[in-house]
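Quick notes on the structure that follows.
Residue numbers (this note's numbering): 38 to 104.
This is how it looks when you write it as structure tokens:
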């Protein structure tokens with residue numbers, strides 16, 4: 038399997054977008070006055086990378102975005 042340079046660049050871009058969306062565009066949800074979950078949009082670029090670039094680069098994007 039050959040991974041092209043363009044695909045790696047797209048994976049890096051989607052990783053960066055995922056990190057920005059997770060850090061700056063997420064909202065905490067309080068249930069009963071206690072912090073319970075955080076809702077965010079950081080998963081959307083990871084899903085897109087899996088759909089557009091394939092499962093291996095999608096998994097790499099998700100792993101790098103979580104680091």
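Positions of the beta carbon are idealized from the N, C-alpha and C atoms, including for glycine.
For this session: Check whether the Cβ atoms of residue 100 and residue 55 sit closer than 9 Å, and answer yes or no.
Result: no
Exercise. CB-CB under 7 Å to residue 76, same chain, minus the five flanking residues each way: which ones, in chain order?
Worked result: 63, 64 and 66
For this session: Kindly indicate which three-state DSSP category residue 61 falls into: helix, strand or coil?
Result: helix
Problem set entry | Rounded C-alpha distance that separates residue 60 from residue 97 | 19 Å
For this session: Under 6 Å Cβ to Cβ from residue 52, same chain only, skipping five residues before and after it: list those, please.
Result: 98, 101 and 102
Problem set entry | Backbone CA spacing between residue 57 and residue 84 [nearest angstrom] | 15 Å
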